[in-house]
Amino acid sequence: MKTSPIEQSIDPGVAIPPFHTPEALRAHPRFPEAAACLVDGLVSLYSHDRRLRSLIEYDRAVTFMLIVCLAAGEQGDQPETWLTMKRLNAFLPRLCVEPGRRINDLVTSLQDEAFLTTRRSPIDTRERILQPTEKMLAADREWLQIFHAPLALLYPDDDYHGAMRQDPAYQRAYRIASLTTLEIADRIVGGNPPADYFIRESVGTRLLMLLIQEVRDASDRRTGPGFYTRAATLGGVSRTHARNVLQGAADRGWLRASDPPGLYIEIGDELWDSVQRWVAEAIAGVDIVHGMALALLHPTGACDK
Numbered sequence: 261m262k263t264s265p266i267e268q269s270i271d272p273g274v275a276i277p278p279f280h281t282p283e284a285l286r287a288h289p290r291f292p293e294a295a296a297c298l299v300d301g302l303v304s305l306y307s308h309d310r311r312l313r314s315l316i317e318y319d320r321a322v323t324f325m326l327i328v329c330l331a332a333g334e335q336g337d338q339p340e341t342w343l344t345m346k347r348l349n350a351f352l353p354r355l356c357v358e359p360g361r362r363i364n365d366l367v368t369s370l371q372d373e374a375f376l377t378t379r380r381s382p383i384d385t386r387e388r389i390l391q392p393t394e395k396m397l398a399a400d401r402e403w404l405q406i407f408h409a410p411l412a413l414l415y416p417d418d419d420y421h422g423a424m425r426q427d428p429a430y431q432r433a434y435r436i437a438s439l440t441t442l443e444i445a446d447r448i449v450g451g452n453p454p455a456d457y458f459i460r461e462s463v464g465t466r467l468l469m470l471l472i473q474e475v476r477d478a479s480d481r482r483t484g485p486g487f488y489t490r491a492a493t494l495g496g497v498s499r500t501h502a503r504n505v506l507q508g509a510a511d512r513g514w515l516r517a518s519d520p521p522g523l524y525i526e527i528g529d530e531l532w533d534s535v536q537r538w539v540a541e542a543i544a545g546v547d548i549v550h551g552m553a554l555a556l557l558h559p560t561g562a563c564d565k
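Just so we're aligned, residue 261 is where the sequence shown starts under my numbering, counting upward by one.
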């Protein structure tokens, strides 16, 4: 029986393997370490490549990963499974992303930067089939490693080796399994307003992770002076943009800025708890798909938790 909100977001016909629930994760004595592991990973994710930095933004991240998922699930002799813009646009609304010019521009930029190639459909030459390049797949494997790392830290005896080794076979199985659990991501974000606000802002996720990283060891949960400038530099955005995103959170009561400004930013209890809950739900969702991926790789020998 599917009892948790994460489980209930999955189609009733999909069997859910044993997994570590958000409640179990938060109760684990090493959960603070696991949360720090994910925060640090997201701060560093794609920081070396300015073309990928914005992919932490929700709409872009979803589109990027959905392309990888749909490509992994292609069946060569079944045209209805081929990755076309029409098929991509049909899936996006399931994740609360609206197709349109912005998505078309993102796909075009991925082609221009050698993350995607295209070929003409043998059935309809007006239609083009998208194909992720190794460069795109490598970026996705980096994402998978970062989101599996907290699980590997908490449960070293469980089999998270495929993700941690960035194994292409595991990646393909994980992305095929992801197609049956697409609504998990939207459920986690949509049910958590503070996290939802940051994740949907441009580079908001990285700004939030930088904020959490700076205050997590401070008893008053306050940054040091000059955080706007540091966050802008590390986030690859203007100081004005960083200030505006954080001011939006302050306007909602989730954090407090010093008066005069610039001396510190203080995280409120609601935002702090929101991030802890988002971390637990995100890695629990990853663990569900991980179990499904193992079942695809080892149909008769998938590991129980």
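All residues carry an ideal CB built from backbone N, CA and C; glycine is no exception. Keep in mind that this is a model prediction, so the values were computed, not measured.
Please classify residue i as buried or exposed, where buried requires at least 16 other C-beta atoms within 10 Å of its C-beta.
i      : result
Arg503 : buried
Asn452 : buried
Val274 : exposed
Arg380 : exposed
Arg466 : buried
Thr323 : buried
Ala374 : exposed
Arg361 : exposed
Gln431 : buried
Thr489 : exposed
Thr500 : exposed
Asp417 : exposed
Can you give me the C-alpha to C-alpha distance between residue i and residue j, rounded to a whole angstrom?
i      : j      : result
Asp477 : Leu413 : 20 Å
Gly528 : Arg435 : 36 Å
Ala350 : Glu358 : 10 Å
His280 : Ile327 : 27 Å
Met261 : Pro278 : Unreliable positioning characterises Met261 in this predicted model, as indicated by a pLDDT of 47, which lies under 50. The coordinate reading is nonetheless provided below. Going by the C-alpha atoms only, they are around 12 Å apart.
Leu376 : Trp532 : 38 Å
Ala429 : Tyr420 : 13 Å
Leu506 : Phe487 : 11 Å
Gly495 : Asp384 : 42 Å
Asp372 : Ala287 : 46 Å
Gly508 : Ser307 : 24 Å
Phe291 : Cys297 : 10 Å
Asp519 : Asp511 : 14 Å
Trp342 : Ala553 : 21 Å
Gly336 : Ala433 : 17 Å
Leu468 : Ala321 : 16 Å
Ala399 : Leu302 : 13 Å
Arg401 : Gln536 : 24 Å
Gln497 : Tyr415 : The identity of residue 497 in the sequence shown is Val, whereas the question assumes Gln. For Val497 and Tyr415, the distance between alpha carbons rounds to 36 Å.
Arg425 : Glu394 : 16 Å
List the whole-angstrom C-beta distance separating residue i from residue j, where the pair is believed to meet the contact cut-off of C-beta under 8 Å.
i      : j      : result
Thr348 : Leu330 : Here the sequence assigns Leu to residue 348, which means Thr is not the residue at that position. Leu348 to Leu330, Cβ: 6 Å. Contact.
Ala437 : Leu556 : 6 Å
Ile276 : Ala544 : Not confirmed; about 11 Å, so no contact.
Thr441 : Ile548 : 6 Å
Ser534 : Pro454 : 4 Å
Trp458 : Gly450 : Correcting the residue type first, residue 458 is Phe in the shown sequence and not Trp. Not quite, the Cβ-Cβ distance comes to about 13 Å (not below 8 Å), so this is no contact.
With H, G and I counted as helix, E and B as strand and the rest as coil, what does DSSP make of residue i?
i      : result
Pro416 : coil
Ile444 : helix
Gln335 : coil
Thr323 : helix
Gln426 : coil
Arg481 : coil
Pro559 : coil
Glu402 : helix
Ala517 : strand
Thr385 : coil
Leu305 : coil
Thr368 : helix
Pro277 : coil
Glu541 : helix
Pro392 : strand
Leu343 : coil
Arg476 : coil
Arg574 : In the structure as shown, the chain begins at 261 and stops at 565. Residue 574 is therefore absent and cannot be evaluated.
Do the CB positions of residue i and residue j come within less than 9 Å of each other?
i      : j      : result
Val475 : Glu526 : yes
Gln473 : Val367 : no
Leu305 : Ile389 : no
Leu471 : Leu515 : yes
Met345 : Leu370 : no
Leu439 : Gly333 : yes
Glu317 : Ser462 : yes
Arg447 : Asp319 : no
Any C-beta of chain C sitting closer than 9 Å to the C-beta of residue i?
i      : result
Ala542 : Here chain C cannot be found, since the structure has a single protein chain.
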